[in-house]
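Please read the structure below before turning to the comments.
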Amino acid sequence: MKVGSAFILDKARVGEFIESLGSEMQIVAPKRQFGGDVAFAAIKHPDEISWDYGNDIHPPKRFLLPHYEVLFRYKTNDSIQIEPVMEERPQAIVGIRSCDVTALRQQERFFCSQICDPHFESRSKNTVLFSLVCNQPREECFCICCDSGPYLFSGYDVQLTDLGDRFLYEVGSEKGAEVSAPREHLLANASEKDLKLRDSIWLNADAKFQTTSYLAKAILFISANEVPQSVWDQFGAECFRCGSCTNLCPVCSCFNVEDTKDGDGAFTRWRYWDSCQFAGFTREASGYNPRATFGSRVQRRFYHKASYQYITRDGRHGCVGCGRCVVGCMADLGVPSVVKRLRRAVSEQAKLEAPA
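Shown next, in the form of C-alpha cells:
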C-alpha cells in the first residue's frame, strides 16, 4: 500500500475495521459521556464512537502528554538506583480533528527536535492518527485562518472524509500504510467521482466558518513590539488567572516536575501540566519573578503564539484555531478577540503618533 493512496471505507464495514484495529492496539475515539458531552476515551466497542461530534473541549494531546505521569523512580540508600518508567503501548486515535493533528505535530517538534524527551517520543511513535475532516465547523472554530483545517494535506497517518454512506480513506504516512495494509480487504479503491465529492465537501466546509482571526497582522505587531504596554496590562487586569486557556490549548506544552517520597530512601519523579499564566511558573528560587505582573504573563503567552522567533524555531505559529480558548476564557481573551483588539490598539496608536 502506497502513501497517498485513496480508498473507500463503507460505513457498514467500519465496525469490522475498528475491531480488527483494536485487536492490535488500544483505540481512543470520541465517546458520548454521561450528560451528553463528547470526550476522547479508550473504547471497547466500535458502537461507542461518536462520529458526528464537534470537538472535545479537552485536547487529545493528553494521550501523548498525560496530565500527570511518572518519569522514573529512584532509591538513595547506599547508592542512587534509578528505575526507568516507560509506556510503549500502541494506540490509534480515531476521529481526531485536523487542528489537533497539527497541534500534536507541533508538540513533536517541541519535545523531539533537539534533546528528545523519551516518554513523549515513545508514545508518539506508538500512536497512529486517524484524522476526521470537519464537514461542519463549530461556531468558535477558526482553523481555516491558521492553516490547520478543516482538512489536511499532510501530517495525518490516515484522513477520513465523511461522504454520506462511506468514508474517503486517504493514507498519509508510512505508519498509516502499515496499519492499513492488513485491512485492505475492507477497503475499495476510490473513484474520480469520490474525489470530486470530497473536494466539494471541503469547499462547502470552508464557507461555513463564522469566526476569523487575522493572525498575520498580530504576528507583525507582536514581533515588531508595536503593541502598547498598556494594552497588555489591560488584558492582565481582565484575566481571571484560571489557566483554562493554556490547559485547553492543544499546542501549549508547559509542565513542571516534582519528586515525592514513597518510603525510606525511595522517591518518584512526576511530570504534570503547568501554565505560564500562573505566577509560580516563572518564580525563581530567590523569590524573583521575571513575569510578576498579570499583563506580562498574557503578553508572554501571545508572544509564544504569534512571534517570528517561534515561527522560525517551530516552523509555524503557535495557534491551530481550535477555538477552545474562545469557549474556555471567561474574560473573552481567546485568540480571535485578542487579535482584533491588538489590531485596533496599534491602529489607534499610529493615529496618535501621526504628524498633525
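Just so it is clear: in the sequence shown, position 241 is 247 by this note's numbering, and no numbers are missing.
Just so it is clear, CB atoms sit at the ideal spot from N, CA and C, and this is done for glycine as well.
Distances from the CA of residue 63 to each of 230, 122, 37, 198 were compared; the closest alpha carbon is that of 37. Pairing residue 209 with residue 152 gives a Cβ-Cβ distance that is not under 8 Å. Secondary structure note for residue 45: its beta strand (DSSP E) is the uninterrupted segment 44 to 49.
When DSSP assignments are scanned along the stretch 23 to 103, no uninterrupted stretch of alpha helix (DSSP H) that is 4 or more residues long falls wholly within it. Within the model, the alpha-carbon separation for residue 242 versus residue 73 is close to 26 Å. Under DSSP, the beta-bridge partners assigned to residue 276 are 76, 264.
Considered as a whole, the stretch 108 to 155 harbours 124 to 131 as its complete alpha helix (DSSP H) runs of no fewer than 4 residues, in chain order. Of all alpha-carbon atoms in 132, 22, 267, 35, the one lying nearest the alpha-carbon of residue 180 is that of 132. With a cut-off of 8 Å on Cβ pairs, the stretch 43 to 50 is not in contact with the stretch 111 to 122, counting fewer than three such pairs. Your pair residue 185 and residue 134 checks out as a contact, with CB atoms roughly 5 Å apart and the cut at 8 Å. Here residue 96 is exposed. Its C-beta has fewer than 16 other C-beta atoms within 10 Å. When the five nearest sequence neighbours on each side are left out, the beta carbons in the same chain lying within less than 6 Å of the beta carbon of residue 300 are those of 242, 245, in order along the chain. Residue 345 and residue 289 have their C-alpha atoms roughly 28 Å apart. In summary, residue 146 is buried, with 16 or more beta-carbon neighbours lying within 10 Å of its beta-carbon over all protein chains present. When C-alpha distances from residue 168 are compared across 71, 13, 112, the shortest belongs to 13.
Leaving aside the five residues that flank residue 22 on each side, the residues in its chain whose CB is nearer than 7 Å to its CB run, in chain order, 192.
When secondary structure is reduced to three states using DSSP, residue 221 falls in the helix class. For residue 56, same chain residues with a beta-carbon under 7 Å away, outside a window of 5 residues either side, are 36, 37, 38, 44 in chain order.
Around the beta carbon of residue 159, fewer than 16 other beta carbons lie within 10 angstroms, which makes this residue exposed. Under the three-state reduction of DSSP, residue 172 is assigned to strand.
The Cβ atoms of residue 312 and residue 331 do not sit closer than 8 Å to each other. Less than 8 Å separates the beta-carbon of residue 76 from that of residue 276. With a contact defined as Cβ atoms closer than 8 Å, residue 282 and residue 307 qualify at about 6 Å.
For residue 13, the enclosing beta strand (DSSP E) stretches over residues 12 to 16. Contact between the stretch 197 to 217 and the stretch 254 to 267 is absent: fewer than three C-beta pairs spanning the two stretches fall below 8 Å. Residue nearest to residue 102 within the set 31, 338, 302, 65 is 65 (criterion: CA-CA distance).
In the DSSP assignment, residue 300 falls within the unbroken alpha helix (DSSP H) covering 300 to 311.
The residue among 272, 233, 359, 338 with its C-alpha nearest the C-alpha of residue 351 is 233.
Of the residues 273, 154, 224, the one whose Cα lies closest to the Cα of residue 106 is 154. By the neighbour-count criterion, in which a residue is buried when 16 or more other Cβ atoms sit within 10 angstroms of its Cβ, residue 157 is buried. The DSSP-derived three-state label of residue 167 is strand. Of the other Cβ atoms in all chains shown, 16 or more fall within 10 Å of the Cβ of residue 34; this residue is therefore buried. When secondary structure is reduced to three states using DSSP, residue 341 falls in the helix class.
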